[in-house]
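Quick note on numbering: the sequence shown equals residues -22 to -1, 1 to 342 in mature numbering (1 follows the signal peptide of the UniProt record, and there is no 0).
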Amino acid sequence: MKKFFFIFILALLPFASTTVSAESDLPLNSEAGIIIDAKSGNVLYEKNMNKSMYPASLTKVATAIYAIEHGDQNELVTISKKAAEADGSSVFIEPGEEIELSKLIAGMLINSGNDAAIAIAEHMSGSEKLFMEDLNEFLRKEVNVTDTHFTNPHGLFDKDHVTTASDLAKITQYAMKNETFREYFGKKELPWEVETWDTTLVTHHKMLKGELPYKGITGGKTGFVSKSGYTLISTATRGEQDLIAVTLKAPSDKVAYSDTELLFNYGFENFKSGKIDKKSKLYSADYSNSYRLNEDLYYTHLINDQPSLKTSNDGILSIMNQQGEAIESFDLKTVADVRNTVLPASIKKETIDDNKLLNFLFNL
């Protein structure tokens, strides 16, 4: 099990920094687990995060975001006999019935309908087999997962249907950037009227529906098959901090939720999130170049940290720890527009006066 500690930028000029380690060994009973900052992607804590595991219905997070991004949400989906006869959890759809894609996606996430997952797959790609080819390619190329291979859209057991806690966190992080996904993922209830069933679907996620209340919970997906054990993805927000927790192969749902609470508490109690706004300016070490960011930069740091930075003349931004060691580097040329900075004669590079320099730089 590993704890991760972060340093980042709080000023444009160097200053003294201190770090405080968030020392903790979390007694996780799930076989694998992870907590990440959803904005920065930083891993705050992990146990066996790269171990190949069976996800069960957590698979549906990937199916949902693919269908949301690549499908017409208002389009009608014709339910096939194969979809209607799917094993396991169901939203009780019938062959020949026509249902909006958006409704199927929401029903799949909230009530974990395997029948809805197959119907979505067939509608999106023509067949379940072709959908899995499309989905796996999407996960590799767009989400940048490395250890995931799905053989079906719902998560029923197959020995070759595998992923990792790390990859599931990445998939969820990617999905949560989509407003439509966030809406579905955070729904507690959904009115459900189809040919043979008129009801209200209620999320299976006990934190989300309030059975096990947790401050800041924003979404979740449950999973279970005998070979996977109890699996859980949960999202929570407090202030400006968004966290994603994944637990895999818990021996009971009670353990899955207990481990999730431990992970969330650890993240919220020990770390802070922040960002450097798009269009902010940074400068090379000799102030010969300025870099105006073209995207927001998100970062994570320990609550009591005072992070520091070192920028090279060629625009490599190094994040420094208390011992002066670079723990991460960024090439500003890849995330910013570069401009040559001509300092006025009154400010000599050899004898830079911080007050004069700051006044000049912030008025560019």
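Virtual Cβ for every residue (Gly too), placed ideally from N, Cα, C.
TODO: Please state if the CB of Lys187 and the CB of Lys166 are separated by a distance shorter than 7 Å.
DONE: For the purposes of this step, residue 166 is taken as the residue at position 188 of the sequence shown. For the purposes of this step, residue 187 is taken as the residue at position 209 of the sequence shown. Yes; because the gap between Cβ atoms is below 7 Å, this pair is in contact.
Task: Span of the alpha helix (DSSP H) around Phe242 - done: Sequence index remark: in the sequence shown, residue 242 carries index 264 (1-based). 231 to 248 is the span of the alpha helix (DSSP H), which, as asked, contains Phe242.
Task: Counted within 10 angstroms of its Cβ, other Cβ atoms place Trp170 as buried (16 or more) or exposed - done: Here residue 170 refers to the residue found at position 192 of the sequence shown. Burial call: buried.
TODO: Report the option in Phe202, Tyr261, Asp220 whose CA atom is closest to the CA atom of Lys155.
DONE: Locating residue 155 in the sequence shown gives position 177, where the first residue counts as 1. The candidate whose alpha carbon is nearest that of Lys155 is Asp220.
Open item on the list: Can you find the residues in the same chain that come closer than 7 Å, C-beta to C-beta, to Ile83, ignoring five residues on each side of it along the sequence?
Closed with: For the purposes of this step, residue 83 is identified with residue 105 of the sequence shown, where counting begins at 1. Closer than 7 Å at the Cβ level, and outside the excluded window around Ile83, lie Ala42, Ala45, Ile46, Ile98, Tyr162.
Task: C-beta atoms of Ile222 and Ile14 nearer than 7 Å - done: For this step, residue 222 is matched to residue 244 along the sequence shown. For this step, residue 14 is matched to residue 36 along the sequence shown. For Ile222 and Ile14, yes; Cβs fall inside 7 Å.
- [ ] Using 10 angstroms around the beta-carbon of Glu218, count the other beta-carbons present and answer buried if the total reaches 16, otherwise exposed.
- [x] Indexing the sequence shown from 1 puts residue 218 at position 240. By the neighbour-count rule (16 or more Cβ atoms within 10 Å), Glu218 is not buried but exposed.
Task: Within 7 Å, strictly: CB atoms of Lys205 and Phe135 - done: Along the sequence shown, read from residue 1 onward, the residue named residue 205 stands at position 227. Along the sequence shown, read from residue 1 onward, the residue named residue 135 stands at position 157. Cβ distance < 7 Å, so Lys205 and Phe135 count as in contact.
Task: Val316, enclosing beta strand (DSSP E) - first and last residue - done: As a first step, residue 316 is located in the sequence shown; it is residue number 338 there, counting from the start. Start and end: 314 to 318.
Task: Other residues of its chain near Thr174: CB distance less than 7 Å, five sequence neighbours each side excluded - done: Reading the sequence shown from its first residue, position 196 is the one you call residue 174. Excluding residues within five positions, the ones whose Cβ falls inside 7 Å are Phe70, Glu72.
Task: Assigned secondary structure, Tyr192 (DSSP; H/G/I helix, E/B strand, else coil) - done: Counting from 1 along the sequence shown, the entry for residue 192 is found at position 214. Looking at Tyr192 - three-state DSSP - the assignment turns out to be coil, as it is neither helix nor strand.
Task: Range covered by the beta strand (DSSP E) that runs through Gln219 - done: Locating residue 219 in the sequence shown gives position 241, where the first residue counts as 1. Here the beta strand (DSSP E) through Gln219 covers 219 to 228.
- [ ] Below 8 Å on the Cβ atoms is my guess for Met102 versus His48; work out the distance and round it to an integer in Å.
- [x] Here residue 102 is taken as the residue at index 124 of the sequence shown, counted from 1. Here residue 48 is taken as the residue at index 70 of the sequence shown, counted from 1. About 6 Å separates the two Cβ atoms, so the contact holds.
Task: Strand pairing of Thr141, partner residues [DSSP] - done: Here residue 141 refers to the residue found at position 163 of the sequence shown. Partner(s): Met31.
TODO: Taking only the alpha-carbon atoms, compute the straight-line gap between Asn318 and Asp274 and give it to the nearest angstrom.
DONE: Looking up residue 318 in the sequence shown gives position 340. Looking up residue 274 in the sequence shown gives position 296. Each residue's alpha carbon lies about 22 Å from the other.
TODO: Evaluate Asn282 with the Cβ neighbour count: other Cβ atoms within 10 Å of its Cβ, from every protein chain shown; 16 or more gives buried, anything less gives exposed.
DONE: As a position in the sequence shown, residue 282 is number 304, starting the count at 1. Answer is exposed; the Cβ neighbour count stays below 16.
TODO: Would you give the residue range spanned by the beta strand (DSSP E) that Arg270 belongs to?
DONE: Counting from one through the sequence shown, the residue named residue 270 turns up at place 292. Counting along the chain, the beta strand (DSSP E) containing Arg270 begins and ends at 267 to 271.
Task: Identity of the residues DSSP links to Ile12 by a beta bridge - done: Here residue 12 refers to the residue found at position 34 when the sequence shown is read from its first residue. Per DSSP, Glu24, Val224.
Open item on the list: Between the segment 139 to 151 and the segment 26 to 35, can you find at least three pairs of beta-carbon atoms closer than 8 Å?
Closed with: yes
Task: Limits of the alpha helix (DSSP H) - the one that Gly85 falls within - done: On the sequence shown, residue 85 is found 107 positions in, with the first residue counted as 1. Residues 79 to 89.
Task: CA-to-CA distance, Thr312 to Gly207, given in whole angstroms - done: Position 229 of the sequence shown holds residue 207. Position 334 of the sequence shown holds residue 312. C-alpha separation (whole angstroms): 42 Å.
- [ ] Classify Val21 as buried or exposed, calling it buried when 16 or more other Cβ atoms lie within 10 Å of its own Cβ.
- [x] Locating residue 21 in the sequence shown gives position 43, counting from the first residue. Label assigned to Val21: buried.
Open item on the list: In this structure, how does DSSP classify His48 when only helix, strand and coil are distinguished?
Closed with: In the sequence shown, residue 48 corresponds to position 70, counting from 1. DSSP places His48 in helix when its eight states are reduced to three.
Task: Cβ shell of Leu146 (< 7 Å), same chain only, five flanking positions each side left out - done: Residue 146 sits at position 168 when you count from the first residue of the sequence shown. Within the same chain, Leu146 has close Cβ partners Pro33, Leu36, Ile211, Val224.
TODO: State the Cα-Cα distance for the pair Leu179 and Ile88, rounded to the nearest angstrom.
DONE: Residue numbering aside, residue 179 sits at position 201 when the sequence shown is read from its first letter. Residue numbering aside, residue 88 sits at position 110 when the sequence shown is read from its first letter. Taking the straight line joining both Cα atoms gives about 7 Å.
Task: Beta-carbon proximity of Tyr235 to Gly252, cut-off 7 Å - done: The residue you call residue 235 lines up with position 257 of the sequence shown. The residue you call residue 252 lines up with position 274 of the sequence shown. Contact: no.
TODO: Rounded to whole angstroms, what's the CA-CA distance from Ser296 to Ala263? Just pull it up for me.
DONE: Reading the sequence shown from its first residue, position 318 is the one you call residue 296. Reading the sequence shown from its first residue, position 285 is the one you call residue 263. One C-alpha to the other measures close to 11 Å.
Task: Reduced DSSP category for Glu76 - H, G, I as helix; E, B as strand; rest coil - done: Along the sequence shown, read from residue 1 onward, the residue named residue 76 stands at position 98. It is a strand residue.
Open item on the list: Determine whether the beta carbon atoms of Met31 and Leu226 lie at a separation below 7 Å.
Closed with: On the sequence shown, residue 31 is found 53 positions in, with the first residue counted as 1. On the sequence shown, residue 226 is found 248 positions in, with the first residue counted as 1. Yes, the pair counts as a contact, with Cβ atoms nearer than the cut-off.
- [ ] Report all residues from its chain with a CB closer than 6 Å to the CB of Phe202; omit the five preceding and five following residues, and keep chain order.
- [x] The sequence position of residue 202 within the sequence shown is 224, counting from 1. Answer for Phe202: Ala34, Tyr208, listed in chain order.
Open item on the list: Short of 6 Å in beta carbon distance, which residues of its chain neighbour Leu79, apart from the five on each side in sequence? Order them along the chain.
Closed with: As a position in the sequence shown, residue 79 is number 101, starting the count at 1. Gly49, Gln51, Glu53, Val55.
TODO: For Ala61, I'd like the list of residues in its chain whose CB is within less than 6 Å of its CB, leaving aside the five on either flank, ordered along the chain.
DONE: Your numbering for residue 61 matches position 83 in the sequence shown. The residues are Asp93, Ile96, Ala97.
- [ ] Only counting runs of 4 or more residues, tell me where the alpha helix (DSSP H) segments fall wholly within the segment 88 to 171, in order along the chain.
- [x] 92 to 103, 106 to 116, 143 to 153, 157 to 163
- [ ] Mind reading off the beta-carbon distance from residue 369 to Pro131? Whole number of angstroms is fine, and I expect it under 8 Å.
- [x] Absent from the model: residue 369. The displayed extent of the chain is -22 to 342, so no value can be given.
Open item on the list: Using only the alpha-carbon positions, how far apart do Ser290 and Lys17 sit?
Closed with: Taking the sequence shown and counting its residues from 1, one reaches residue 290 at position 312. Taking the sequence shown and counting its residues from 1, one reaches residue 17 at position 39. Their backbone Cα atoms lie some 26 Å apart in a straight line.
Task: Beta-ladder partner(s) of His182, from DSSP - done: For the purposes of this step, residue 182 is taken as the residue at position 204 of the sequence shown. His182 pairs with nothing; no bridge assigned.
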